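Asker: Would you mind keeping the following structure in view while I ask a few things?
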Amino acid sequence: MSTRGLRLRLLTVSILFILLFLLFILWTQRPAASTYEIKGYTTSALHKDIPVPANAKLIESKAYSDHPTLELSETYELKHIGGEQGLYPPVDYFQKLHDAGWMELKEERMGNMHILNKGDVHQNRG
22 MSTRGLRLRL LTVSILFILL FLLFILWTQR PAASTYEIKG YTTSALHKDI
72 PVPANAKLIE SKAYSDHPTL ELSETYELKH IGGEQGLYPP VDYFQKLHDA
122 GWMELKEERM GNMHILNKGD VHQNRG
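When the letters of the sequence shown are read in order and numbered with my numbering, they come out as residues 22 to 147.
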């Protein structure tokens, strides 16, 4: 094999290596799939004044006859809201709740459970 052919092969391999490396860098720096997007709001069937993200999925609805303070509950799911583990309150959603007149009782917060008040109504938001 001639020196020129060897150089051409080395150059080709080097260019391929650089392209693969750049592809790897772009792949690892892509936006994470752990973000959420709220696509408008609808009202909760539980309480007409509670805004619920329109793209949230209702996964559970319960009625309690034996609980002293809880009569009904709804549980919604919105993928990755609050981060992957749900540790960070979604600021835009809490702003929407505040705009609807709900105030968070921060002294009653328990982990990711937020207690909201509007007049004489208390609501738990997790």
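Glycine included, C-beta positions come from ideal geometry on N, C-alpha and C. Computed from a predicted structure; not experimentally measured.
Here's a check: name, in chain order, each residue in its chain whose Cβ is nearer than 6 Å to the Cβ of L126, leaving out the five neighbours to either side.
Answerer: As a first step, residue 126 is located in the sequence shown; it is residue number 105 there, counting from the start. The answer, listed in chain order, is I136, N138.
Asker: Taking all protein chains shown into account, decide if L118 is buried (16 or more other Cβ within 10 angstroms of its Cβ) or exposed.
Answerer: In the sequence shown, counting from the first residue as 1, residue 118 sits at position 97. L118 should be labelled buried.
Asker: Verify whether the separation of the beta carbon atoms of A121 and P72 is less than 7 Å.
Answerer: In the sequence shown, the residue the question calls residue 121 occupies position 100. In the sequence shown, the residue the question calls residue 72 occupies position 51. Closer than 7 Å, so yes.
Asker: Kindly list the residues whose CB is nearer than 8 Å to the CB of R130, restricted to its own chain and excluding five residues on each side of it in sequence; keep chain order.
Answerer: The sequence position of residue 130 within the sequence shown is 109, counting from 1. If we look at R130 and ignore the five residues flanking it on each side, its Cβ neighbours are I136.
Asker: Tell me whether the segment 77-91 and the segment 35-49 touch, counting them as touching only if at least three CB pairs, one residue from each stretch, are closer than 8 Å.
Answerer: No, because fewer than three Cβ pairs between the segment 77-91 and the segment 35-49 fall closer than 8 Å, the two stretches do not touch.
Asker: Considering S94, what are the terminal residues of the beta strand (DSSP E) in which it resides?
Answerer: As a working mapping, residue 94 is identified with position 73 in the sequence shown. Counting along the chain, the beta strand (DSSP E) containing S94 begins and ends at 93-98.
Asker: Let me know the secondary structure DSSP gives T64 once reduced to three states.
Answerer: For this step, residue 64 is matched to residue 43 along the sequence shown. T64 falls in the strand class under three-state DSSP.
Asker: Would E98 pass as a contact of K69 if the rule is Cβ separation under 7 Å?
Answerer: Here residue 98 is taken as the residue at index 77 of the sequence shown, counted from 1. Here residue 69 is taken as the residue at index 48 of the sequence shown, counted from 1. Contact flag unset, no.
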